[in-house]
Structure formats: C-alpha cells, structure tokens
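Engineer:
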DNA sequence: GAGAGATTGTTGTCGCGTCAACCACTAGGC
DNA sequence: GCCTAGTGGTTGACGCGACAACAATCTCTC
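Given below as structure tokens:
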C-alpha cells in the first residue's frame, strides 16, 4: 500500500481536505449567491468581463478567462442577456466571432454582490489561514493551475 | 479596492488557482473514471465503505464520510446496487436505518480503478509539488476542511 | 477561386445534484 | 396507550453541465 502508485500520508490529507472543500464549501457559495438569483458561474463571467478593456471580450476568451467550456458559456450567457446584464454583438473583423459586453446594469449587479461574495470566500477559506499559510496555498495551487491552463488541450499521454 | 472587504493580492491568487483546479482539473478526473463507467462520487463511496469495519456503514455515516447529501447518496447508490457493487440491508436495531455493504465485486472494482485514479490525482496535483509544498497545502486545506466538517450545520451568522 | 480543413459559436439531449415533500420509524411526554 | 417531535431515508421535479452534432465563417493551398 506504500507503492509509488499510491498517495502518501500527506498527499492523502491534502487530497481529502480538497474534496471536503469542493463538496461542502463550494455549495455554500452557490447558496449565498442564489439568494441574489446568481450562480458562481454568472459571477465569474461578470468578473472576467469587468476586468477586460471596454468591459468587452470575445466569447472564446471569455470562456477561457472564466474556466468554462464554450457550450456552458452560451447556456449561462443566454439568461444573462435576457436579464440585461450582458450584451452580445457580432465582431466586425471576424464574421464568426462575437463580443460580449458588460452593461451598466451588469456592472451595478457585480458591484452589489462582489462584497458579499468576497466575504463568503474569506469566511470559507482565508479567515482560517495566516499570511504565511495563505502564501503557501497560493504558491502550491498556482503551480497546479499553471499546468492546467498551459497545455489546456491536455495531452493525456503520461500526464 | 483595498478595503478589508476585498481579497488581497495573495488571497486572490490562491482563490483564482483554486477555481482553475475546480473547473479544469476535476473534470479531468471525471473523464478518466468515466472510461470505467464511474463517477468520482462512486469512487468516494467505494473508498468510504472499504475503510469501514466489515465494509459496512450506516447510510447517514456514509453520506458524511463521502461528503454527500443523503439524497445524492440515495441516487448514486441505486445504480451501484443494480450493478452489484454494494448491498443494502435494514438495520436490526433501528427500524429506520439501513446499512450499506461493499460486495466482493465492489471491492474488486475498487482495487482495479484505485491505482488509475491515484495516478490521475498525483498527475493533477502532487507531481507539481515538492514535499514542503505538499505539506503546506495539506496544512492549509485541512484547516479549511476542519471547520466545514465541524459546524456542518453551518451557522451562517457572521460566518 | 474553389475546395478542404480549421475555428467560432449554438443547439439538443441526457445524466447528475439540489431542494422540497414525503413516508417510516423512534422517542419522549402526558 | 396516544400524540407530538425528531430522525433516517426515498422520491420527483427542475436546473445546470458535458458532450456530440451542427451551422457559419475564415484560411490555406493549389
């Protein structure tokens, strides 16, 4: 049971904790945002757009920035457009592409829920960590995230 | 923008990386297990049962051990029973309760996919970290996880 | 300039998870 | 004995996400 085919003690502890975070922590964030008729996905989309120049982004970039598949983005975007938080316009240069823009109402919504969500995130994670621990967490997870974003295509050969 | 109502630089970095992990990393684990007709949830249930004495657990405990709601457990359990990986029996002492037991086929399945899944997890997370980083990650996430498991009821008042 | 192939985005289907409602049983008064 | 809570577990409905198929456009090559 202590092959290198298995996780060692520390790895197991880290992995189990991550699963607890995912399966118990994240649903709490969803619940809080749902009180404002939002999903965390919606929030991510709003943030990505608000970070972009002119509050505008090509859909593919937006999907990438928010860690979404194109399909998922399209689905979520539909309701956000209906509610007037986002607008869509065909790209002038590339007939295939479309640009999403944050509307004034969308920005207003974001500014209203952002503090609430930030509170929630701190309460869930960072209130339990001191500066050094937070830095260590950021360092470790950033290394993990980097490779996930890099060979995004994910060549599964041997990892 | 640098209120204490917001996340600081390091916190943001950690949080963004966690979101990348959740939205890009976890789906990869699902994909790999799906080749064996399993979800990560299934795997968690198998592991929890195999860790229990007599490979048997009360459903409520099982749900807790696998970080699941009772409803979700019931839904997943149905197919696992159909496939003969788990058995269910009424509890003798408490007429309301039921016990889930891992069958021989279930244990066999677990032993077959466990190395594959472990490989996947290491490849996703731990291959990118040295010993100190892994320990730091385990420490930080464990602190987060602890409070999630404790006041599981989650008294949302002020966090 | 006409295909072949790649890129961008949408649509529909299907399985999973949440939530609320529900049934079955136990426990604690009286 | 009942009658009310409370607990353990199930069910059904509904919304979301993955996936595959599709349409539309660009690009490259000849």
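Residue numbers (this note's numbering), protein chains in the order written: chain A, 12 to 170; chain P, 12 to 170. Glycine residues also receive a C-beta, built at the ideal position from the N, C-alpha and C atoms.
What span of residues does the alpha helix (DSSP H) with residue 69 of chain A cover, start to end?
Structural biologist: By one-based count along the first chain, residue 69 of chain A stands at place 58. It is not in any alpha helix (DSSP H) - residue 69 of chain A instead sits in the beta strand (DSSP E) that spans 67-69.
Engineer: Once the 5 residues before and after residue 53 of chain A are set aside, which same chain residues still bring their CB inside 7 Å of it?
Structural biologist: Residue 53 of chain A sits at position 42 when you count from the first residue of the first chain. Excluding positions up to five away in sequence, the list reads 87, 91.
Engineer: What are the start and end residues of the alpha helix (DSSP H) that includes residue 41 of chain A?
Structural biologist: As a position in the first chain, residue 41 of chain A is number 30, starting the count at 1. That run of the alpha helix (DSSP H) goes 37-45.
Engineer: When you compare only the Cα positions, how much space is there between residue 125 of chain P and residue 25 of chain P?
Structural biologist: The sequence position of residue 125 of chain P within the second chain is 114, counting from 1. The sequence position of residue 25 of chain P within the second chain is 14, counting from 1. Using only the alpha carbons, I get a separation of about 29 Å.
Engineer: Helix, strand or coil for residue 140 of chain A, going by three-state DSSP, please let me know.
Structural biologist: Here the question's residue 140 of chain A lines up with position 129 in the first chain. The answer is coil: DSSP assigns residue 140 of chain A none of H, G, I, E or B.
Engineer: For the alpha helix (DSSP H) holding residue 49 of chain A, just list the boundary residues, first then last.
Structural biologist: If you number the first chain from 1, residue 49 of chain A lands on position 38. Run containing residue 49 of chain A: none; DSSP gives neither H nor E here.
Engineer: Among P:97, P:64, P:132, which residue has its Cα nearest to the Cα of residue 44 of chain P?
Structural biologist: Translated into the one-based positions of the second chain, residue 44 of chain P becomes position 33. Here the closest residue by C-alpha is P:132.
Engineer: Name, going along the chain, the residues of the segment 86-116 of chain P whose beta-carbon falls closer than 7 Å to a beta-carbon of chain A.
Structural biologist: Answer set for the segment 86-116 of chain P: empty.
Engineer: Would you grab the beta carbon distance between residue 116 of chain P and residue 95 of chain P for me? Rounded to a whole angstrom, and I think it's under 8 Å.
Structural biologist: As a first step, residue 116 of chain P is located in the second chain; it is residue number 105 there, counting from the start. As a first step, residue 95 of chain P is located in the second chain; it is residue number 84 there, counting from the start. Rounded, the Cβ-Cβ distance is 5 Å, consistent with contact.
Engineer: Using only alpha-carbon positions, find the residue among A:66, A:27, A:156, A:76 that is nearest to residue 99 of chain A.
Structural biologist: Position 88 of the first chain holds residue 99 of chain A. For residue 99 of chain A, the nearest C-alpha among the options comes from A:66.
Engineer: Buried or exposed for residue 156 of chain A, please, with buried defined as at least 16 other CB atoms from any protein chain shown within 10 angstroms of its CB.
Structural biologist: Counting from 1 along the first chain, the entry for residue 156 of chain A is found at position 145. Flag for residue 156 of chain A reads buried.
Engineer: For a quick check, are the C-beta atoms of residue 50 of chain A and residue 41 of chain A less than 9 Å apart?
Structural biologist: Residue mapping note: residue 50 of chain A aligns to position 39 of the first chain, counting from 1. Residue mapping note: residue 41 of chain A aligns to position 30 of the first chain, counting from 1. Taking 9 Å as the Cβ cut-off, residue 50 of chain A and residue 41 of chain A qualify as a contacting pair.
Engineer: Taking residue 53 of chain A as the query, report the chain P residues whose CB atoms sit under 9 Å from its CB, ordered along the chain.
Structural biologist: The count along the first chain starts at 1 and reaches residue 53 of chain A at position 42. Within 9 Å Cβ-Cβ: nothing; residue 53 of chain A doesn't reach chain P, min ~14 Å.
Engineer: Less than 9 Å separating the beta-carbons of residue 78 of chain P and residue 34 of chain A?
Structural biologist: Here the question's residue 78 of chain P lines up with position 67 in the second chain. Here the question's residue 34 of chain A lines up with position 23 in the first chain. A contact, by the Cβ cut-off of 9 Å.
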